[in-house]
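Undergrad:
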Amino acid sequence: MKTLVVNFPLLALYLLMPWHDAGQDPGRFRIVPVFPDQAELDSANIDSDSELYRFIRFFLFLLPEEFSHHLSLEALKWLHRCKLSWLLRPKSERLPVSLFGLNFPNPVGLAAGLDKNGDYLDALGALGFGFVEIGTVTPKPQPGNPKPRLFRLPEHEAIINRMGFNNKGLDYVVERLKSRHYRGIVGVNIGKNYATPVTAALSDYLLCLRGVYAHADYVVINLSSPNTPGLRSLQFGESLHELLAALKKEQADLQEHYRKYVPLLVKISPDLEPADIEQIAAAFLLHGIDGVIATNTTIARGEALQGTAKGREAGGLSGAPLTAQATWVLTQLKRALAGKIPVIGVGGIMDGASGLAKLQAGATLLQIYTGFIYHGPALIAAIVEQLQTDRQNAASEAER
Numbered sequence: 001m002k003t004l005v006v007n008f009p010l011l012a013l014y015l016l017m018p019w020h021d022a023g024q025d026p027g028r029f030r031i032v033p034v035f036p037d038q039a040e041l042d043s044a045n046i047d048s049d050s051e052l053y054r055f056i057r058f059f060l061f062l063l064p065e066e067f068s069h070h071l072s073l074e075a076l077k078w079l080h081r082c083k084l085s086w087l088l089r090p091k092s093e094r095l096p097v098s099l100f101g102l103n104f105p106n107p108v109g110l111a112a113g114l115d116k117n118g119d120y121l122d123a124l125g126a127l128g129f130g131f132v133e134i135g136t137v138t139p140k141p142q143p144g145n146p147k148p149r150l151f152r153l154p155e156h157e158a159i160i161n162r163m164g165f166n167n168k169g170l171d172y173v174v175e176r177l178k179s180r181h182y183r184g185i186v187g188v189n190i191g192k193n194y195a196t197p198v199t200a201a202l203s204d205y206l207l208c209l210r211g212v213y214a215h216a217d218y219v220v221i222n223l224s225s226p227n228t229p230g231l232r233s234l235q236f237g238e239s240l241h242e243l244l245a246a247l248k249k250e251q252a253d254l255q256e257h258y259r260k261y262v263p264l265l266v267k268i269s270p271d272l273e274p275a276d277i278e279q280i281a282a283a284f285l286l287h288g289i290d291g292v293i294a295t296n297t298t299i300a301r302g303e304a305l306q307g308t309a310k311g312r313e314a315g316g317l318s319g320a321p322l323t324a325q326a327t328w329v330l331t332q333l334k335r336a337l338a339g340k341i342p343v344i345g346v347g348g349i350m351d352g353a354s355g356l357a358k359l360q361a362g363a364t365l366l367q368i369y370t371g372f373i374y375h376g377p378a379l380i381a382a383i384v385e386q387l388q389t390d391r392q393n394a395a396s397e398a399e400r
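Mapping to our numbering: the sequence shown position 295 is 295, numbers consecutive.
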């Protein structure tokens, strides 16, 4: 009996390729994949939302969420190894941004959470992002929360997750950072282990900062995930001040040791009141935090989501339902910071218009996650194109 071994990423790619009969042997029928080159793909005029990605997404969304997540990333890695990442990478112009002493080729980055361990940095970096953020990383490996813990809500273009910082631990991630070929900008998002009491969280953040400092372009202190009990309490009061003071001191010590300054950012929650935002902003200004990422996922649910089975799942909600709240927090934060600390806007960026709205609200850079799941790499190009158009329109108006 013959055994058929199927490479699923290879099979998926074959199903997407045009085929022809090799015609060498009239007694046997052979099929051979025909891979188009970049020029042929450009001339095909595939629409900006990527017909190819929509086709792939249709089948991926038939699979369980977390299995689909890992299958997609493995397929991207396989494409990259075969030098075929351009099949999914849209044609996009550069839109350089300088921030934190770094030069970003465009302002659209990948938010933390998709690649928790840096296993797919090279593949994701080849898709056209201006920067890639990995994590959240904790000192020790941990499995995260019990499954199922990831839920799609396609009718709302949303995702609910309660992953719980599942990752392979600091040592593993450092090795992945050392071995990467991607030379673009990489941020590392750090957190505390589930088993570490909130009162001892600082030790975990210090361990992570020391471990990744030499290998990251910037580091993000994640205080806002709703999926680690007690974590969000670190955003407030003396807990926040003590944490920031100690991490900034460690940053200064590491700068002296490595002769390299790595910016320190904080990622905040969207579930904040105006008074909370004022107090948090004051703490960031006092301690000289380099940047803020606004925002993480929300625990809030609108009426439309509460009426669905998956909408009632516990965890952080991301995607289109988060757009308005995340942008409101960004606006309030930018005002409270008085333009003294730059902000990266994230949360509900699903198209070019919502990306532009984040910049108009005060963001300097953007990050996408759920929008990337629903619209693929074409979303990067769509946002960059929208920003370029807005910039050109502004220049035309100024000349009048």
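For glycine and all other residues, C-beta sits at the position ideal for the given N, C-alpha and C.
1. Residue range of the alpha helix (DSSP H) that Tyr374 falls in?
2. Taking the straight line between their C-alpha atoms, what separation do you get for Lys340 and Gly288?
3. Determine the direct distance from the alpha carbon of Gly345 to that of Ala357, and round the result to whole angstroms.
4. What are the boundary residues of the alpha helix (DSSP H) that Phe131 is part of?
5. With respect to the beta strand (DSSP E) encompassing Leu87, which residues constitute its N-terminal and C-terminal limits?
6. Please return the same chain residues whose Cβ sits closer than 8 Å to the Cβ of Leu234, not counting the five positions on each side in sequence.
7. Looking at the secondary structure, which residues open and close the alpha helix (DSSP H) in which Ser203 lies?
8. Can you check the region 299-378 for any beta strand (DSSP E) of at least 3 residues that lies completely inside it and give the ranges in chain order?
9. Given a threshold of 16 other Cβ atoms within 10 Å of its Cβ, counted over all protein chains shown, does His181 qualify as buried or as exposed?
10. Apart from the five residues on each side of it in sequence, which residues of its chain come closer than 7 Å, Cβ to Cβ, to Leu99?
11. Tell me the DSSP secondary structure of Phe151 in three-state form.
12. Could you name the residues of the same chain whose beta carbon sits closer than 6 Å to that of Leu73, not counting the 5 residues immediately before and after it, in chain order?
13. Asp115: buried (16+ other C-beta within 10 angstroms of its C-beta) or exposed?
14. If you draw a straight line from the C-alpha of Gly319 to the C-alpha of Ile368, how long is it?
15. Could you say which of Thr308, Glu93, Asn193, Gly109 lies nearest to Val137 if we only look at CA atoms?
16. Are there 16 or more other CB atoms within 10 angstroms of the CB of Ser179, so buried, or fewer, so exposed?
17. What three-state label does DSSP hand Leu124 in the structure shown?
18. Using CA atoms only, rank isn't needed, just tell me which of Trp86, Pro154, Ile134, Ala245 is closest to Gly191.
19. Which two residues bound the contiguous alpha helix (DSSP H) that contains Tyr258?
20. Please identify the residue among Leu88, His70, Trp78 whose C-alpha is closest to the C-alpha of Phe55.
TA: By the coordinates alone:
1. Here the alpha helix (DSSP H) through Tyr374 covers 370-375.
2. Rounded to the nearest angstrom, the two C-alpha atoms are 10 Å apart.
3. Taking the straight line joining both Cα atoms gives about 10 Å.
4. It is not in any alpha helix (DSSP H) - Phe131 instead sits in the beta strand (DSSP E) that spans 131-137.
5. Element bounds for Leu87: n/a, residue is neither H nor E.
6. Result list for Leu234: Val198, Ala201, Leu223, Leu240, Leu243, in chain order.
7. For Ser203, the enclosing alpha helix (DSSP H) stretches over residues 201-212.
8. With a minimum length of 3 residues, the continuous beta strand (DSSP E) runs that stay inside the region 299-378 are 316-319, 343-346, 365-368.
9. Looking at its Cβ environment, which holds fewer than 16 other Cβ atoms inside 10 Å, His181 is exposed.
10. So the qualifying residues of the chain are Pro342, Thr364, Leu365.
11. Strand, per DSSP.
12. Tyr120, listed in sequence order.
13. Buried: at least 16 other Cβ atoms inside 10 Å.
14. Gly319 and Ile368 have their C-alpha atoms spaced approximately 9 Å apart.
15. Closest option to Val137, Cα to Cα, is Asn193.
16. A residue is called buried when at least 16 other Cβ atoms come within 10 angstroms of its Cβ; Ser179 does not meet this threshold and is exposed.
17. DSSP places Leu124 in helix when its eight states are reduced to three.
18. It is Ile134.
19. 237-258 is the span of the alpha helix (DSSP H), which, as asked, contains Tyr258.
20. Considering only alpha carbons, the answer is Leu88.
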